[in-house]
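This note's numbering numbers the first residue of the first sequence as -14 and each following residue consecutively.
The structure appears right after this line, and notes come after that.
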Amino acid sequence: MLDIKFIRENIDLVRAKLKERGDAIDLDQFSTMDRKRRDILQEVETLRSDRNSVSKEIGARKQNGEDASDLIAKMGSVSSRIKELDEALKETERLLHGLTMTMPNIPHESVVRGTGDEDNPVVRKWGEKPQFDFEPKPHWDIGEELNILDFAAGAKIAGARFTVYRGAGARLERALINFMLDLHTMEHGYTEILTPFMVNSESMTSTGQLPKFEEDLFKIEGTDYYLIPTAEVPVTNIHRDEILDEKDLPVAYVAYSACFRAEAGSYGKDTRGLIRQHQFNKVEMVKFTRPEESYDELEKLTANAEEVLKRLGIHFRIVDLCTGDLGFSSAKTYDLEAWLPGQNAYREISSCSNFETFQARRANIRFRREENSKVEYVHTLNGSGLAIGRTVVAILENYQQKDGSVIVPEELRPYMNGVDRIVRNK
RNA sequence: GGAGAGAUGGCUGAGCGGCUGAAAGCGAUCGCCUGCUAAGCGAUUGUACGCCUCAAAAGGUGUACCGGGGGUUCGAAUCCCCCUCUCUCCGCCA
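Shown next, in the form of structure tokens:
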């Protein structure tokens, strides 16, 4: 959510910035509702002030055994007018709130203007594309031939976009989770968190999934529970409605979670393989920072995600999302795209964002500086470190051998019980 | 799932229709005192929104907030209803 005062005072700037994202937001309606709200508020507060003083007078008279029936009669009509105004105010605030909750964040000034992913500038690359003396296969073929990914079983027991992992495949998934958690906690200074995989609607609203993107979520029927689409939601909400100590900032958490996405609107896209699943695993990093340090922290967070791919020896590039490709809540996002030789393409494997105060305002997460008493909103950031399923994809495709086996990256072997190569077994 | 008890400021905890934005204690901040430390004394000590002054910082003023929502009343932390959460006991259960 944007600051309502900021919108009011910078309405043309906000209009222009949101237009760069390709969002058509009715700011005229915002101005009308905002004006109306303040008009009603002034009237009702004046009436309340009158009522408070007269009620005191009534109390005083009654104490002295005097008659107050004239004042009581007068206040009866004032009270009913207050009630009317309260209802109008509530309705106006409801509309205004609905409007501001569906407004996306304003892109940071460094974000380039563009309309889609083809406009995202490449910031840097690491490593090189591996060379093969055979035609590299896509991971779904490698996985099935090694009998470590069973797409048919996933479809049978659940449906499309679900997969069963077997043997070394299941072990590889688990190894990656532990490897990444160990790296981020022991070398990058994050505190490990394990949260519920379901949250209530209030949490989903704080991080920006609701009210606008309900169709992307799985909801548990008959309850207020939603399956989380990312650990960002529960982890960010840990500090909802709190005032953090400045000395604790920046707070840095890392959490493994399963993630659940309805993938509405992506029919026909990435239908094969592990790329786009209804359920996948992810290790997520979340930070709460002072405003002035959030962009430095974004660079560090992105570097922490990059380090995972470097240790695994997977070639990747980093793109800086343009205004048209930026997520709803984000002010700036770097995507890490891993090279997938089986598909001859770079694919997103991590997304690192600075939300500035957008989520903090929705979630009411603040801090107080030691030298003064004024509370301020923190900046929130998060990034995948990394998406586990897609990392399996990258390993299978980059480390595949001519004989169909897959070499295990050296850093991962301690987590694989020393196994250095995945081969087909019965 | 059944029965009961609770939810008040940074914390502990009073209040149970008007004198309460809220006693008291603790904590914190500032000042005084003190060779240092401790003790002591004094003052201050929430948030949000609106309006006014205003370049701003800041100040003034009003309203709201005692788990959340609704109701009764001239007036609600206080009475009534619904919900959520916490605790205790019973049942069930990985």
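Even glycine gets a Cβ: it sits at the ideal position worked out from N, Cα and C.
Source: prediction; values computed, not measured.
T221 sits in a helix when the DSSP states are folded into three classes. The shortest CA-to-CA distance from I213 to any of Q14, E341, Q264 is the one to Q264.
Contact holds between the segment 312 to 320 and the segment 189 to 199, because three or more Cβ pairs, one in each stretch, are under 8 Å apart. Cβ neighbours of E42 within its own chain (closer than 8 Å, five residues either side excluded): A53, L56. Annotated as distal: Y175 and V218, with beta-carbon spacing of 8 Å or more. Taken through DSSP and simplified to helix, strand or coil, V96 comes out as coil.
In the pairwise beta carbon analysis, the segment 336 to 348 is classified as touching the segment 282 to 302: at least three pairs are separated by under 8 Å.
Excluding residues up to 5 positions away in sequence, I67, L70, D71, L74 lie with their Cβ nearer than 8 Å to the Cβ of V29 in the same chain.
Inclusion of T180 and V236 in the CB contact set at 8 Å is not warranted, their separation being larger than that value.
For H124, the closest C-alpha among the options E103, T17, L259 is that of L259. Unbroken beta strand (DSSP E) runs of no fewer than 3 residues, entirely contained in the segment 331 to 370, are found at 350 to 353, 360 to 362, following chain order. In the three-state DSSP reduction, R109 falls in the strand class (E or B). Excluding its 5 nearest sequence neighbours in each direction, A372 has C-beta neighbours in its own chain below 7 Å: F265, K267, I334, S335, listed in chain order. Secondary structure of S242 (DSSP, three-state): strand. V184 and I127 have their alpha carbons spaced roughly 36 Å apart.
Around the beta carbon of M171, fewer than 16 other beta carbons sit within 10 angstroms, so the residue counts as exposed.
Per the C-alpha coordinates, the member of L297, Y362, E382 positioned closest to E395 is L297. Taken through DSSP and simplified to helix, strand or coil, V393 comes out as coil. With respect to the 8 Å criterion, T77 and R22 are classified as neighbours on the basis of their beta carbons. Here K387 has F119 as same chain residues with Cβ atoms under 6 Å from its own Cβ, once five neighbours each way along the sequence are excluded.
Less than 8 Å divides the Cβ of Y384 from the Cβ of V391.
Looking at the DSSP output, T318 shares a beta bridge with S338.
For K4 and D405, the gap between their C-alpha atoms comes out near 51 Å. Taking a C-beta distance under 8 Å as the contact criterion, V408 and M401 do not qualify as a contact pair. When the Cα atoms are used, I(-8) and V(-1) turn out to be separated by approximately 6 Å. Proximity of the segment 220 to 229 to the segment 266 to 280 meets the contact definition, three or more beta-carbon pairs being nearer than 8 Å. The shortest C-alpha to C-alpha distance from S16 to any of L80, K59, G7, N37 is the one to L80.
In this structure, the beta-carbon distance from T318 to Q344 does not fall below 8 Å.
DSSP places E172 in the helix class (H, G or I) of the three-state scheme. Around the Cβ of Q116, a 10 Å sphere holds fewer than 16 other Cβ atoms; the residue is exposed. A straight line joining the alpha-carbon of K232 with that of N367 spans about 20 Å.
In this structure, the CA atom of N37 is about 29 Å from the CA atom of I(-11). For the pair I228 and F352, the CB atoms are nearer than the 8 Å cut-off.
Per DSSP, the beta-bridge partners of W324 are Y331. Secondary structure at Y280: helix, using DSSP grouped into helix, strand and coil. By alpha-carbon distance to L325, the top candidate from T342, F301, D305 is F301.
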